Every structure is written in structure tokens, then in C-alpha cells.
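In our numbering, the protein residues as written are 4 to 354.
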């Protein structure tokens with residue numbers, strides 16, 4: 004069915020609903036532009052639709068309208084809510100009781116401190132911002148050549164009664180769970196007799212991620228529940244026309260065959276479901292003001308040259324080279340080598 008034929012079947016209520024969703028997305032993005040883009044999302048959507056064959060423009064329009072846009076103000080409110088909830092649950096009296104770390108060294112810690120007007124953003128627990136920094140420090144302790152400033156910083160770790168891991172998005176929960184596992188390994192060295200629990204503060208998370216973390220007994224608080232995905236469309240929107248979910252799904256599969264497959268992007272060789280619905284075939288319809296997750300459906304973020312298509316929320320890849328396996332291998336050694344952990348605990352206790 005062509006887009007024109009389908010539009011003729013739209014009821015006034017359906018047409019108004021679709022239009023209002025697009026206007027809402029445009030208004031949210033104007034208040035908090037995607038990566039500070041000077042081009043409005045309405046203009047970017049029109050450009051993307053113009054690149055598509057006519058029969059796929061309406062499913063694409065519905066897909067864009069159903070996308071959840073997480074603006075900067077909304078995510079700042081999430082940080083404030085998370086800190087207030089954590090303080091109440093853990094009876095935290097002062098930020099100096101808390102070691103604040105972040106997932107992927109993505110300036111989350113700075114945003115968290117600013118959103119909550121907390122002192123000590125620049126000197127609180129530097130130079131440690133992630134498990135990678137802690138690993139590097141312990142690695143140098145093992146080698147017998149830690150920088151002088153690390154001695155005081157490592158001593159300060161032992162005074163923190165709470166460890167917090169900040170994450171912007173919890174989509175599958177796998178990255179957060181892996182980071183908590185690394186931090187727990189470090190804690191066996193820093194606090195061999197009195198382990199400190201790591202609590203994850205997540206700005207926005209899917210039910211899948213929360214279930215994964217709960218299954219691993221990982222303490223976490225999420226401010227925003229993400230239910231925006233291809234699979235939840237029939238139940239997530241009561242007023243959605245019945246054929247829209249199927250039309251959007253077929254559009255994503257068509258886009259995978261005609262755009263993703265020949266793009267050279269890694270999703271193209273990861274199987275038909277992943278090519279159509281993003282990493283882990285998650286099918287998410289979520290964008291933040293900073294970037295678009297690769298578990299979001301590709302028409303939102305993947306631009307291609309042949310055939311030409313300019314996505315409205317182009318993704319910036321966070322990793323473009325081969326990862327360094329040194330820390331991963333060292334963590335594996337740390338987990339299995341009791342003697343190494345004991346020796347490091349002894350060295351740390353003397354600093």
C-alpha cells in the first residue's frame with residue numbers, strides 16, 4: 004500500500020496524534036538540540052524522508068514520531084532524583100563518604116556533580132574516574148612504581164563507605180554488570196575485610212537491563228524507565244493504529260536489506276535481525292541529546308552513501324579502533340590469582 008493510500012485511511016484523530024508526536028519531538032529537540040546541531044529535527048526528518056522511496060515514507064514518519072528523545076534538562080533532573088534517592092536509601096550525610104565513578108569515562112561524573120551542585124568536582128577522588136583508572140593504579144603498585152600522588156588517592160579509597168557507578172543508559176545491562184564485576188574485584192584489594200557495595204545510578208534503563216542487574220544482585224537505581232522499542236509498540240501506545248507496528252517493522256527490515264547490508268557497518272554482517280533492529284536486535288526507539296545508541300533501530304542513526312540516506316540522529320561511534328586487551332587480561336589474572344590479590348592488599352595497606 005502506498006503512503007498516499009494509507010494517508011487517505013488515517014482518521015482525523017490518528018493524523019492529529021501523528022502530527023502532535025512529531026511536533027513534541029521537534030519542541031523537545033529545539034530546547035536541547037541533538038549534539039548542538041543548528042539544523043532542527045523537523046528539517047532533518049524531512050531530509051531523511053525525501054531520501055526514501057515513497058512507499059516507505061509513512062512507516063518512517065511513524066518510526067520518527069514514536070522515538071523517545073532524552074533531552075539535557077530531563078537527564079539533569081534524573082541525576083538530581085538519583086542522588087536524592089541514594090542519599091535517603093543509604094543515609095549518606097556528605098558527598099565525601101562516596102566514591103563516584105563513571106561508566107566509559109564519558110563526563111558523566113562532571114554532569115552529576117553539576118546537576119546536584121556538589122562541591123569537590125575537580126578534587127574529590129581524582130585521578131580515579133572508572134575501573135580502568137583503578138586498574139592502572141594497582142598495576143603500577145604491583146610493579147613498584149606508582150606516582151607519588153597515587154598514595155594519598157589510594158588511601159582515600161579506604162575511607163569511602165559507599166561506591167557509586169554512574170551510567171547514562173542501561174539498555175541490556177551487560178556493560179554495567181561487567182563494570183561492577185571489575186570494581187568488585189578491585190574492592191577485594193582495597194577493602195579485603197569489609198567489602199563496600201557498589202550501587203549503580205542509571206539515568207534511563209530498560210526493563211531488560213534492570214532484570215539483568217537484579218539477577219546478578221547488583222544494587223541499582225534508575226530514574227527513567229525506557230519502554231520505547233519495536234516490540235512494545237502494540238502495548239505502549241493505546242491510540243496507535245493497529246497496522247503501524249507491522250509497517251514500522253517491515254520498514255526496518257527493508258532498510259536493513261537496502262541500506263545496512265551494503266554500508267560497511269559492522270551491523271551489516273551480524274545477522275538479519277541485528278541489521279534491522281540494532282545491536283542485540285533490541286529495536287529501541289531512543290535518542291539522547293548527546294548520541295544515539297547502536298541498539299536503536301538503524302534508520303534513526305545510520306547514514307549511507309549508496310543508496311543515499313541521511314539519518315536524522317546520526318550516531319558518533321565511541322570506538323573506532325581495536326580495543327586494548329591488557330586491562331581485561333590483567334583483571335582476569337586478578338580474579339583467579341589469590342596470591343596476587345593478597346600481595347596487592349598488603350602493598351595498598353602500607354601506602
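Backbone N, C-alpha and C define an ideal beta-carbon position, used for all residues, glycine too. Small disclaimer: the values here were computed from a predicted structure and weren't measured.
Within the stretch 108-148, the complete alpha helix (DSSP H) segments at least 4 residues long are 111-118, 134-146, listed from N- to C-terminus. Take the alpha-carbon of residue 351 and the one of residue 106: they are about 24 Å apart. When C-beta atoms of the stretch 300-314 are compared with those of the stretch 250-264, three or more pairs fall below 8 Å, so the two segments count as touching. Shown here for residue 35: same chain residues with a beta carbon closer than 7 Å to its own, the five before and five after excluded, namely 74, 75, 76, 292 in chain order.
In the three-state reduction of the DSSP assignment, residue 166 falls in the strand class, which pools E and B. With fewer than 16 other beta carbons inside 10 angstroms of its own, residue 26 counts as exposed. DSSP lists 172, 227 as the bridge partner or partners of residue 207. Annotation: the continuous beta strand (DSSP E) that includes residue 104 extends over 101-105. For residue 294 against residue 319, the beta-carbon gap comes to about 6 Å, under 8 Å, which counts as contact. By the CB criterion at 8 Å, residue 159 and residue 149 fall outside the cutoff. Secondary structure at residue 232: strand, using DSSP grouped into helix, strand and coil. Assignment of residue 69 by DSSP, reduced to helix, strand and coil, places it in the coil class. Assignment of beta strand (DSSP E) within the stretch 263-319, counting only whole runs of 3 or more residues, yields 289-291 in chain order.
If you draw a 10 Å sphere on the C-beta of residue 268, you find 16 or more other C-beta atoms in it, and that means buried.
The continuous alpha helix (DSSP H) containing residue 51 extends over residues 44-53. In this structure, the CA atom of residue 249 is about 17 Å from the CA atom of residue 277. Straight through space, the alpha carbons of residue 169 and residue 52 are spaced by roughly 37 Å. Secondary structure note for residue 187: its alpha helix (DSSP H) is the uninterrupted segment 177-193. Per DSSP, reduced to three states, the secondary structure at residue 199 is coil, with no helix or strand assignment. Spatial neighbours of residue 202 in its own chain (CB-CB distance under 8 Å, excluding positions within 5 residues in sequence) are listed in chain order as 89, 93, 165, 166, 167, 168, 222, 223, 224. One Cα belongs to residue 145, the other to residue 337, and the distance between them is close to 11 Å. In the structure shown, residue 222 falls within a strand segment according to DSSP collapsed to helix, strand and coil. Taking the Cα of residue 18 as reference, the smallest distance to any Cα among 266, 242, 171, 209 is reached at 242. Under the Cβ criterion (8 Å, minimum of three pairs), the stretch 204-216 counts as touching the stretch 174-183.
Taking the CA atoms as reference points, residue 37 sits about 38 Å from residue 153. Excluding the 5 residues flanking it on each side, residue 244 has same chain C-beta neighbours closer than 6 Å at 17, in chain order.
Between residue 343 and residue 334, the alpha-carbon positions lie close to 11 Å from each other. Sequence-distant partners of residue 174 (beyond 5 residues in either direction) whose C-beta falls short of 7 Å from its own C-beta, in its chain, are 209, 212, 285, 287, 296, 298. Rounded to whole angstroms, the separation of the alpha carbons of residue 251 and residue 63 is 7 Å.
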